[in-house]
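Numbering (this note's numbering), first residue to last: 51 to 163.
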C-alpha cells in the first residue's frame with residue numbers, strides 16, 4: 051500500500067476509536083490498527099511494505115529510521131493489545147496502546163516536514 055492509503059486507514063481507525071459509542075472491546079483494536087497504519091505509512095515513505103506483523107517488527111528492530119524509543123512503543127503496543135484486546139477496555143493496557151498510537155502518529159507527522 052501507498053503512504054496515503056495507510057494514512058486514510060489510520061484516520062478511519064482513529065475515527066472508530068473516537069466514536070466508540072461504549073463498545074469498549076473495540077477501542078483497543080481501533081487504536082492498535084490506527085497505530086499499525088501510521089507505522090506502515092512511515093515505512094511506505096521509504097518504499098518498504100511489510101508482509102505481516104513479524105516482518106514489520108523486524109524493520110523496527112533493524113532501525114530503518116526507528117530508534118530505541120520507537121521499538122519500546124511498538125512492544126507496548128503489542129503487549130497491550132494482547133491483553134486489552136481479549137479483556138476489553140483495560141485501563142493500563144489501553145493507556146499503553148494509546149501512548150504508542152500518539153507516539154507513532156506524531157512520528158509520522160514530524161517525518162512529513
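Even glycine gets a Cβ: it sits at the ideal position worked out from N, Cα and C. Given the structure is predicted, the values throughout are model-derived calculations rather than measurements.
- Residue 113 and residue 162 have their alpha carbons spaced roughly 18 angstroms apart.
- With respect to the 8 angstroms criterion, residue 121 and residue 150 are not classified as neighbours on the basis of their beta carbons.
- Here residue 84 is buried. Its C-beta has 16 or more other C-beta atoms within 10 Å.
- With distances taken between CA atoms, residue 54 lies nearest to 96 out of 148, 70 and 96.
- Between the alpha carbons of residue 108 and residue 98 lies a gap of roughly 12 angstroms.
- Here residue 65 is exposed. Its C-beta has fewer than 16 other C-beta atoms within 10 Å.
- The Cβ neighbour count for residue 56, taken over all protein chains shown within 10 Å, is at least 16; the residue is labelled buried.
- Here the alpha carbon of residue 147 sits roughly 17 angstroms from the alpha carbon of residue 106.
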